[in-house]
Amino acid sequence: MVKNNSWDFEETYALLKEHFGNRIVVDRPLADLNTFGTGGNARLFIEVSSGEELSRLMTVASGLKMPIFMLGGGSNVLVSDSGFDGLIIKNSIHGLEKSDNQIICGAGEELQRLVDYATQNGLSGLEFASGIWGTVGGAIYGNAGAYGGEIGNTLISAEVVDREGHIREEKAEYFEFAYRWSKLKKTAEFVTRAKFALKECNTEEIKGRVDEIMTMRREKLPIGLHSAGCFFKNIPDKSQKFGKLSAGKLLEEVGVKEMRCGGARVFENHANILINNGSAHSDDIKKLADLMKSMVRQKFGIELQEEVILLGNFEEERV
0 MVKNNSWDFE
10 ETYALLKEHF
20 GNRIVVDRPL
30 ADLNTFGTGG
40 NARLFIEVSS
50 GEELSRLMTV
60 ASGLKMPIFM
70 LGGGSNVLVS
80 DSGFDGLIIK
90 NSIHGLEKSD
100 NQIICGAGEE
110 LQRLVDYATQ
120 NGLSGLEFAS
130 GIWGTVGGAI
140 YGNAGAYGGE
150 IGNTLISAEV
160 VDREGHIREE
170 KAEYFEFAYR
180 WSKLKKTAEF
190 VTRAKFALKE
200 CNTEEIKGRV
210 DEIMTMRREK
220 LPIGLHSAGC
230 FFKNIPDKSQ
240 KFGKLSAGKL
250 LEEVGVKEMR
260 CGGARVFENH
270 ANILINNGSA
280 HSDDIKKLAD
290 LMKSMVRQKF
300 GIELQEEVIL
310 LGNFEEERV
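Per numbering that gives the first Met the number 0, the sequence shown starts with residue 0, numbered consecutively.
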């Protein structure tokens, strides 16, 4: 692991252990906590199960200089082979509650579980999220979406914790949602709970839409394989369907589908998806992604932007 000299490990570890005991883990492997199945260790690691617990943790850590990252389902992240030289917080804040046409949900819940819960209760508005990997908190952080829908369109409000440990409720407007973006990427705050406004609908109709979307996903997504879904963001373009130019289409046109690097390869059914064959290192995936990016740049003059979060130290390879 590449060590960061900007923070004192011994002092930090002692302080956190004083408050949280053996729940603070040193050098926790992260490969089993992300869907690529790659990457090194977290220098420090803790799991939280409530907003109050996270608030206390951030209050204790507020004077420390260590990097901090909140990990949900690990479905939209590539962890460097050298790991993360800081504190990883695993979001395990659960709970689902229905109130009229609203659902209150813990940020650590799987997004698919929220979709299923809404469907079972005859509430429509989240069908677009069927089959999207990851947690509700991660979906809000990146404004996850598909098939013309986005999580920010159904959010009423969310409880957030800032880096000083203050906990508060914010309305949806606060998050300034945009394509695969929310204000959380700027403020570095953490979502602990969210409230969604949905519409009452016949359960069978909702199930029909969910099944339709799941069928489309199964046809083009790597079910059961180590992947993070689409690696690059689509390009905003109002002339295109759903207002986006497909990054996958550009990548297919430059011929990336047969490409490999070490144990990483491009998925044969979708040019914007990278796969760990079982032996890949994160560096293999990153090098392959950089090459794909350069091919699109050279042919179309378009600079693709990563949708996947690069966690840790990576070298940029420009080809």
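We put the beta carbon where it would ideally sit given N, CA and C, even for glycine. These numbers come from a predicted model, not from an experiment.
Range covered by the alpha helix (DSSP H) that runs through residue i
{"i": "I131", "result": "Counting along the chain, I131 falls outside any alpha helix (DSSP H), and DSSP gives it neither H nor E."}
{"i": "V295", "result": "281-299"}
{"i": "T58", "result": "50-60"}
{"i": "L14", "result": "8-19"}
{"i": "I205", "result": "202-219"}
{"i": "L310", "result": "Here L310 belongs to no alpha helix (DSSP H); instead the beta strand (DSSP E) covers 308-310."}
{"i": "V114", "result": "110-119"}
{"i": "L77", "result": "Segment 76-78 is the beta strand (DSSP E) holding L77; no alpha helix (DSSP H) there."}
First and last residue of the uninterrupted beta strand (DSSP E) at residue i
{"i": "K89", "result": "83-90"}
{"i": "I67", "result": "67-70"}
{"i": "Q101", "result": "101-105"}
{"i": "K194", "result": "189-196"}
{"i": "D26", "result": "24-28"}
Backbone CA spacing between residue i and residue j [nearest angstrom]
{"i": "V255", "j": "M57", "result": "43 Å"}
{"i": "F299", "j": "E314", "result": "24 Å"}
{"i": "A138", "j": "A157", "result": "12 Å"}
{"i": "F83", "j": "N201", "result": "46 Å"}
{"i": "L14", "j": "S181", "result": "32 Å"}
{"i": "L287", "j": "K232", "result": "16 Å"}
{"i": "H18", "j": "V59", "result": "8 Å"}
{"i": "P66", "j": "G85", "result": "5 Å"}
{"i": "H269", "j": "R55", "result": "43 Å"}
{"i": "Y371", "j": "F127", "result": "Any answer about residue 371 is impossible in this case: the structure gives the chain only from 0 up to 318."}
{"i": "K243", "j": "D31", "result": "33 Å"}
{"i": "Y12", "j": "S91", "result": "22 Å"}
{"i": "E52", "j": "I45", "result": "11 Å"}
{"i": "T214", "j": "L220", "result": "10 Å"}
{"i": "A227", "j": "E96", "result": "29 Å"}
{"i": "N100", "j": "I155", "result": "12 Å"}
{"i": "I234", "j": "N312", "result": "26 Å"}
Classification of residue i by the beta-carbon crowding that lies within 10 angstroms, buried from 16 upward
{"i": "S61", "result": "exposed"}
{"i": "V25", "result": "exposed"}
{"i": "E149", "result": "buried"}
{"i": "R167", "result": "exposed"}
{"i": "H165", "result": "exposed"}
{"i": "I222", "result": "exposed"}
{"i": "F241", "result": "exposed"}
{"i": "A21", "result": "Here the sequence assigns Asn to residue 21, which means Ala is not the residue at that position. By the 10 Å Cβ count, N21 comes out exposed."}
{"i": "D283", "result": "buried"}
{"i": "A187", "result": "exposed"}
{"i": "S238", "result": "exposed"}
{"i": "D236", "result": "exposed"}
{"i": "E302", "result": "exposed"}
{"i": "G124", "result": "buried"}
{"i": "T153", "result": "buried"}
{"i": "K285", "result": "buried"}
{"i": "K292", "result": "buried"}
{"i": "S98", "result": "exposed"}
{"i": "E109", "result": "buried"}
Beta carbon of residue i nearer than 9 Å to that of residue j
{"i": "S281", "j": "G73", "result": "no"}
{"i": "F189", "j": "I88", "result": "yes"}
{"i": "R216", "j": "G130", "result": "yes"}
{"i": "G151", "j": "N142", "result": "yes"}
{"i": "G121", "j": "E199", "result": "yes"}
{"i": "C229", "j": "A246", "result": "yes"}
{"i": "L113", "j": "F176", "result": "no"}
{"i": "L224", "j": "N271", "result": "no"}
{"i": "R192", "j": "G71", "result": "no"}
{"i": "G136", "j": "A106", "result": "yes"}
{"i": "V295", "j": "V253", "result": "yes"}
{"i": "S79", "j": "L309", "result": "yes"}
{"i": "N33", "j": "V76", "result": "yes"}
{"i": "A279", "j": "I205", "result": "no"}
Beta bridge counterpart(s) of residue i as assigned by DSSP
{"i": "C229", "result": "I272"}
{"i": "K170", "result": "S156"}
{"i": "S98", "result": "Q101"}
{"i": "C260", "result": "A263"}
{"i": "N40", "result": "P28"}
{"i": "W180", "result": "A177"}
{"i": "A145", "result": "G148"}
{"i": "L244", "result": "I234"}
{"i": "S123", "result": "K198"}
{"i": "I45", "result": "I88"}
{"i": "E302", "result": "Answer by DSSP bridge pairing: none, since E302 is not bridged."}
heavy atom of the ligand MG below 8 Å from residue i C-beta
{"i": "A143", "result": "Ligands displayed in this structure: none; no statement on the ligand MG is therefore possible."}
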